[in-house]
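Scroll down for the structure; my scribbles are underneath it.
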Amino acid sequence: MKKLFLYPFWLRFWHWLNAALFILLILTGISIHYSASNDLLMPFEYAIVTHNVAGIILSFLFLIFTIMNIKSGNYKYYIPLMHGIYERLVKQGRYYVYGVFNGEPHPYHISEKDKFNPLQQISYFGIIFFMMPTIIISGWLLLFPELAPGEIMGMGGVWPMAVLHSVVGYLLSIFMFGHIYLATHGDTIGANFKSMIDGYHHVHEDEHAGNGNGTPINYELLSDEVAYGNEIVGTNHIPAKEEVIPDIESESLSEDESTDDRSEKKQ
Numbered sequence: 658m659k660k661l662f663l664y665p666f667w668l669r670f671w672h673w674l675n676a677a678l679f680i681l682l683i684l685t686g687i688s689i690h691y692s693a694s695n696d697l698l699m700p701f702e703y704a705i706v707t708h709n710v711a712g713i714i715l716s717f718l719f720l721i722f723t724i725m726n727i728k729s730g731n732y733k734y735y736i737p738l739m740h741g742i743y744e745r746l747v748k749q750g751r752y753y754v755y756g757v758f759n760g761e762p763h764p765y766h767i768s769e770k771d772k773f774n775p776l777q778q779i780s781y782f783g784i785i786f787f788m789m790p791t792i793i794i795s796g797w798l799l800l801f802p803e804l805a806p807g808e809i810m811g812m813g814g815v816w817p818m819a820v821l822h823s824v825v826g827y828l829l830s831i832f833m834f835g836h837i838y839l840a841t842h843g844d845t846i847g848a849n850f851k852s853m854i855d856g857y858h859h860v861h862e863d864e865h866a867g868n869g870n871g872t873p874i875n876y877e878l879l880s881d882e883v884a885y886g887n888e889i890v891g892t893n894h895i896p897a898k899e900e901v902i903p904d905i906e907s908e909s910l911s912e913d914e915s916t917d918d919r920s921e922k923k924q
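In my numbering, the protein residues as written are 658 to 924.
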C-alpha cells in the first residue's frame with residue numbers, strides 16, 4: 658500500500674470550516690423558515706443573526722476557495738469529461754446501490770491525476786459552479802433587499818430570491834447528508850474522513866492493476882484528453898487504444914522480394 662497526498666492544507670481547512678458553517682446554516686435556516694413553530698430549534702432573533710453572520714463568513718470562504726482553486730489548478734479535478742458521462746454515471750450509481758453491498762470492486766480508483774469518480778465530479782461541478790454561487794448571491798440579496806431586482810417575471814424581486822434561496826438550500830442539505838453517507842464507502846468507514854484530515858489517500862497495489870473491471874488504467878493520460886478517432890481517452894474514462902504502426906521497412910522488403918521473384922521467373 659502506498660500513500661498519495663491529494664488534499665493540501667488550504668483545501669482541508671476550507672472543507673471542514675465550510676461543513677461546520679453549512680450545518681449551522683441548516684439549523685438556523687430551519688428555525689427561520691419555521692419561525693411560527695414555537696422557536697423550533699432556537700429563538701428567531703438568534704437564528705437570524707447567526708444565519709447572517711455564518712452566511713457572510715461562508716461567502717468570503719468560498720471566494721478564497723475559488724481563488725485558490727484557480728491559482729493551484731485544482732479546479733480541473735471538478736470538471737467532468739462529458740464524453741460517455743451517462744454510461745460512467747450508471748456504472749458508478751450501480752456500484753453505490755448494488756455493487757458495494759455484494760463485494761464488487763470499485764469501478765473507478767483515485768490517483769494523483771484523478772481525485773474523484775464520475776458521480777463525484779458531476780455533483781461537485783454542479784455545486785461549486787452553480788449552486789454555491791446561487792445560494793450566496795440570493796442570500797446577499799435577501800440581506801440587502803434594496804439591491805434585489807424590483808420585479809422578476811411579474812413578481813416582486815425579493816420573493817423569488819427567497820424561494821430560490823430555500824430550494825437551493827434544501828438541495829444542498831440533501832447533498833450534504835448523501836455526501837457524508839457515501840464517504841463511509843472507503844476501505845474502512847473512517848478512511849475517507851481521515852484523508853480529509855491528514856491529506857493522504859491510501860492506495861492498494863491492486864488499484865493500479867485496473868479500474869475494477871479488468872481494464873488497465875492509463876495513468877499517463879488520466880488528466881489529458883487525447884483523441885482517437887471519435888473517442889476520448891482520459892480521466893478514468895476510456896482506456897487507451899494501442900496504436901498500430903505499419904512496419905514500412907518490412908513492407909518494402911516484401912515488395913523487393915516479390916520483384917526479384919518475378920525477375921527470376923522471366924529469366
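By construction, the Cβ of each residue, glycine as well, lies at the ideal position given by its N, Cα and C atoms.
- Residue 828 and residue 788 do touch by the CB rule: their CB atoms are close to 7 Å apart, below 8 Å.
- Close CB contacts of residue 774 within its chain, under the 6 Å cut and outside five residues either way in sequence, are with 749, 765 (chain order).
- Looking at the DSSP output, residue 855 bridges to nothing.
- By the criterion of a C-beta distance shorter than 7 Å, residue 686 is surrounded in its chain by 708, 826, once the five residues flanking it on both sides are discounted.
- With contact defined as three or more Cβ pairs closer than 8 Å, the stretch 802 to 812 and the stretch 774 to 786 are not in contact.
- Residue 660 sits in a strand when the DSSP states are folded into three classes.
- Cβ-Cβ distances below 6 Å link residue 716 to 793 in the same chain, with the five nearest sequence neighbours on each side left out; the list follows chain order.
- Residue 857 is a Cβ neighbour of residue 662, given a cutoff of 7 Å.
- The C-beta distance from residue 689 to residue 701 rounds to 7 Å, short enough to fall under 8 Å.
- In this structure, 760 is the residue among 747, 683, 722, 760 with its C-alpha nearest to the C-alpha of residue 844.
- One thing to note: residue 807 has its Cβ within 7 Å of the Cβ of residue 814.
- With respect to the C-alpha of residue 725, the residue from 705, 699, 668, 712 having the closest C-alpha is 668.
- Judged by beta-carbon spacing, residue 711 lies beyond the 7 Å limit of residue 684, meaning their Cβ atoms are not closer than that value.
- A check of alpha carbon separations from residue 768 across 859, 665, 672 identifies 859 as the nearest.
- Approximately 17 Å separates the beta-carbon atoms of residue 842 and residue 747; this is outside 8 Å, ruling out the contact.
- In the displayed model, residue 826 falls within a helix according to three-state DSSP.
- Rounded to whole angstroms, the separation of the alpha carbons of residue 675 and residue 822 is 18 Å.
- Between the beta-carbon of residue 752 and that of residue 763 there is about 6 Å, and that keeps the pair under the 8 Å contact cut.
- By the C-beta density criterion, residue 737 is buried, having at least 16 other C-beta atoms within 10 angstroms.
- Judged by beta-carbon spacing, residue 818 lies within the 7 Å limit of residue 798, meaning their Cβ atoms are closer than that value.
- A residue is called buried when at least 16 other Cβ atoms come within 10 angstroms of its Cβ; residue 704 meets this threshold and is buried.
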